[in-house]
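Numbering (the working numbering), first residue to last: 75 to 506.
The C-beta atom is built at its ideal place from N, Cα and C for all residues, glycine as well.
It should be emphasised that the depicted structure is a prediction, and the values quoted were computed from it without experimental measurement.
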RNA sequence: GGAGGAGUGGCCGAGUGGUUGAAGGCGCUGCUCUCGAAAAGCAGUAUGCGGGAAACCGUAUCGCGAGUUCGAAUCUCGCCUCCUCCGCCA
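This is how it looks when you write it as structure tokens:
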């Protein structure tokens, strides 16, 4: 959530930027409650002060009859005021939580994803001397994917993935982990992308829990919307839709050492998504499933490093795409598309020759301190204890990256060449 | 799933109704001593919220939430987490 002090000082700005993200917030009402709340709080605290004073006065001995009567009166008054405070506080909290994070200054203002800005293009689209096929035409005919039988077992939007395609997924993951844990390679990425003030500290490989309790799910700011998330009602657990959902709250309630930052983690987990409201969309192939595996970065940093971590993660994503030789473009997402907790957001879309279009394979989210206010994750600095900045970004969404490889590396005889960098992770195999 | 035990500051640990926001120790910071370091001595050392230009004042926090009481770290109830033993299990 946003700091109420910031809202007090910049009411118009907050209202304007919220509107740019597509959220209508009643700042005047919020500040109104805020003031009432603080007035009442002052009153409550003065009564508590008298109660404490009385307790100190009578401590050691028995209070007199008169003092007990006085104490009872204070107690009754206090509980009456506290009852008045309850609804006020609830009202205040719900209005405060409804205020989205402020977009960074360079986020393009726009009303829908149509206003996203292509900020970079890379790679030569492959030319084929045949009609390129879609990934599902190739994979289904080769028995690398079977959705029919998966539907029988689990319903629509599930798939069996078989054989060499499975090996390719694990090659991809291994390759990525090797890069992300190698300080020298990270240094090179920082250099190649001309980044400044970025630490080359390696990422900690992590297998996180794939579920979170409701209290945690809420503390992270409901990163994934409720209707998009699977819930295990009997156990009060939510299935994560990405590793960042269980990486971000890792240090909930803790005060970290500035020396330990940036804290960088790369988590591998299965992601579960209900895909509500996508009926009839992307029904072919494995682009949009209820379940897929994903490697995801998460970082906790000092406020002044937050934006640089974001840019670093984007550079890493681009580096991986270039290593795989997959043409892509970078989308600077507009205010309406970056998401409620985001200060900035970037998508990378890979060229998919079979579908003759770009499709999203990566996201990078700069959350600033919006999430840390909910998870109460702070860091001790020379200027006091402040909320950390959170960044998260996709390394590889396994399914979609496999799609990009299949479609870009398809051959005339219906096979798939393996990108050079992955071949060592496939025991030298050059095609599947 | 059954039976027991435990959660106190950065860490260890004392504390079962009233000078306890919390003893003592460790750690950390500053000073003294020293050529310097170590040792020793002295002093300081949690966070949120509200008010204040600031100094500072008030308030809350002893796993979390509710309750009892004039007064709760301490008593009661619910929940969470961890540990030990038994059972089950990849």
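- One thing to note: residue 471 has its Cβ within 8 Å of the Cβ of residue 366.
- Assignment of residue 205 by DSSP, reduced to helix, strand and coil, places it in the coil class.
- With 16 or more other Cβ atoms inside 10 Å of its own Cβ, residue 423 counts as buried.
- Within the segment 199-265, the complete alpha helix (DSSP H) segments of 4 residues or longer fall at 209-215, 221-228, 237-254, listed in chain order.
- The distance from the Cβ of residue 101 to that of residue 88 is about 6 Å, consistent with a contact at the 8 Å cut-off.
- In this chain, residue 272 is not harboured by any alpha helix (DSSP H), its DSSP state being neither H nor E.
- Between the segment 484-500 and the segment 392-409, the count of C-beta pairs closer than 8 Å reaches three or more; the two stretches touch.
- Listed in chain order, the non-local C-beta contacts of residue 223 below 8 Å within the same chain comprise 234, local neighbours out to five positions each way being set aside.
- Annotation: residue 379 to residue 282 spans about 25 Å, alpha carbon to alpha carbon.
- Residue 421: member of the beta strand (DSSP E) spanning 418-426, first to last residue.
- Secondary structure note for residue 365: its beta strand (DSSP E) is the uninterrupted segment 365-375.
- In this structure, the beta-carbon distance from residue 468 to residue 368 falls below 8 Å.
- Of the other Cβ atoms in all chains shown, 16 or more fall within 10 Å of the Cβ of residue 320; this residue is therefore buried.
- In this structure, residue 412 lies near residue 181, with their beta-carbon atoms less than 8 Å apart.
- DSSP places residue 452 in the uninterrupted beta strand (DSSP E) bounded by 452-455.
- Beta-bridge partners assigned by DSSP to residue 342: 369.
- When DSSP reads this structure, residue 402 sits in a beta bridge with 196, 424.
- When DSSP states are grouped into helix, strand and coil, residue 434 belongs to the strand group.
- Annotation for residue 75: 170, 171, 173, 295, 444, 447, 448 place their beta carbon closer than 8 Å to its own, counting only its chain and skipping 5 residues before and after.
- A distance of 8 Å or more separates the beta carbons of residue 354 and residue 209.
- Boundaries of the alpha helix (DSSP H) harbouring residue 448: 446-449, taken from the DSSP string.
- Secondary structure of residue 278 (DSSP, three-state): strand.
- Collapsing the DSSP output to three states places residue 413 in coil.
- DSSP places residue 159 within a helical segment (H, G or I) once states are collapsed to three.
- In this model, residue 141 and residue 442 are separated by some 52 Å (Cα to Cα).
- Under the 10 Å beta carbon count, residue 384 is surrounded by 16 or more other beta carbons and is classified as buried.
- Comparing alpha carbon positions, the residue from 166, 104, 237, 505 closest to residue 83 is 104.
- When only Cα atoms are considered, residue 198 and residue 489 end up about 21 Å apart.
- Cβ atoms of residue 311 and residue 376 stay farther apart than 8 Å, at about 32 Å.
- For residue 102, the uninterrupted alpha helix (DSSP H) run begins and ends at 101-131, by DSSP.
- Residue environment for residue 168: exposed (fewer than 16 other C-beta atoms within 10 angstroms of its C-beta).
- The residues 285, 304, 346, in chain order, have a CB closer than 6 Å to that of residue 313 in the same chain once the five nearest residues on each side in sequence are set aside.
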